[in-house]
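A.B. asks: The listed protein sequences correspond, in order, to chains R and V. Residue numbers for the first sequence follow the working numbering, so the first one is -19 and each next one is one higher. Residue numbers for the second sequence follow the working numbering, so the first one is -19 and each next one is one higher. All C-beta atoms, glycine included, are put in the ideal place defined by N, C-alpha and C. Quantities reported herein were computed from a predicted structural model and do not represent experimental measurements.
2 protein chains.
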Amino acid sequence: MVLSRTSQYAIQALIYIATQPAGEPVLNRDIAERLNVPSAYLAKILQNLCKQGLLDSFRGRLGGFCLREGMHKTSLMQALALTEGPDFTKSCILGLKECSDETACPMHFKWLPVKKKIIALLEDMTLEDLAKAVQTGKYRLSDLPSGVMA
Amino acid sequence: MVLSRTSQYAIQALIYIATQPAGEPVLNRDIAERLNVPSAYLAKILQNLCKQGLLDSFRGRLGGFCLREGMHKTSLMQALALTEGPDFTKSCILGLKECSDETACPMHFKWLPVKKKIIALLEDMTLEDLAKAVQTGKYRLSDLPSGVMA
DNA sequence: ACTCCTCAAGACATTTGTGTCCGATTATAG
DNA sequence: CTATAATCGGACACAAATGTCTTGAGGAGT
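1. If we ignore side chains and look at the alpha-carbon of each, how far apart do A130 of chain V and L(-17) of chain R end up?
2. Going by CA-CA distance only, name the one from V:T106, V:L121 and V:L60 that's closest to S80 of chain R.
3. Measure the Cβ-Cβ separation of T(-14) of chain R and A111 of chain R and say whether it is below 7 Å.
4. Between which two residues does the alpha helix (DSSP H) holding C46 of chain V run?
5. Need the endpoints of the alpha helix (DSSP H) that F89 of chain V sits in, please.
6. Would you kindly report the start and end of the unbroken beta strand (DSSP E) that includes L35 of chain R?
7. Under a CB-based cut-off of 7 Å, is G75 of chain R close to chain V?
8. Should P86 of chain R be flagged as near chain V, meaning a C-beta pair shorter than 7 Å?
9. For V17 of chain V, does the three-state DSSP call read helix, strand or coil?
10. According to DSSP, is S80 of chain R part of a helix, a strand, or is it coil?
11. Which whole-angstrom value describes the C-beta separation of A59 of chain V and L26 of chain V, a residue pair presumed to lie in contact below a C-beta threshold of 8 Å?
12. Is K24 of chain V close to chain R, meaning its C-beta is less than 7 Å from at least one C-beta of that chain?
13. Excluding five sequence neighbours on each side, which residues of the same chain lie with their C-beta closer than 6 Å to the C-beta of C46 of chain V?
14. Hey, M51 of chain R and L62 of chain R: beta-carbon distance below 7 Å or not?
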């Protein structure tokens, strides 16, 4: 309804990485297994996040993916800007190229406040926050009934 | 960000038809031209809406598409249920198959009130309302800079 | 009856999103 | 230093959504 599958995988993976000890690379394979998503596909998503500067990757033995220094504070909004493209919030709900206060579609003024709520929410939540929530054990990241382990 | 292109076309077309005099069939070609969308593709979308009972279609001369009797009061929610599938609001924002109050993803309780706002909005707006808004001339249905004519 | 105009239906093409494979790169072991 | 095992990286393959085309069916006017 709102996010592409690619973005969903990306967010899930980022949260999972954020739950792991910082500085210790996490294997793509482990993430994929834990989240129950196709590992080769996930690898590509993570690669992209590396290019964009959110993650660091290390090849060879003891390799894997880490959140880059300081990126624990990254908001969902920032992360989604990387996976969905920078202006995924700009769009008109009816698909008009240009839909502003001056040239508005009939939904515009009703939709605007709701959209702002969505954006505010996404900007408010950070990977760190979500990781902590998961670590309490009250929330799940995958469909599997297994708990969250370090 | 929220709706598929198919749904966007469908909504646009429905609103446009609702602005036209009831009982007088509207040509697919005219709608496509007015909204600036591919006519063959739009035809399929309208065809589908006919099968689902929202529209009536008439072949031959003086043919075209009409809103079925009483369907001016249709809400966007109802229309979208036809194009996106009946449970397009049920989905978890992170893509989990099961995400309820009991088995929640870390976004669940933050996302829920926003989702409710979206649903309430979509249920509140009817084709009739939107058509009237367009008829005031203050709002546009397409990207073209042309006004709204009967 | 004939003709023109419309939608109906299916096959086909293109684009985008999703998923897979194999080679390049790196760290450790010997 | 070389071999080897483990990992990422980028090219490749598949699927679904989007968009196009052609042919046929049905209805209105002449």
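C.D. replies: In this structure, then:
1. At A130 of chain V the pLDDT is 39, less than 50, meaning the model places this residue with poor confidence and gives no usable figure here.
2. V:L121
3. no
4. Taken as a continuous stretch (DSSP letters only), C46 of chain V belongs to no alpha helix (DSSP H), being part of the beta strand (DSSP E) at G44 to L47.
5. H88 to D104
6. L35 to F38
7. yes
8. yes
9. coil
10. coil
11. Wrong, their Cβ atoms sit about 12 Å apart, outside the cutoff.
12. no
13. P5 and D36
14. no
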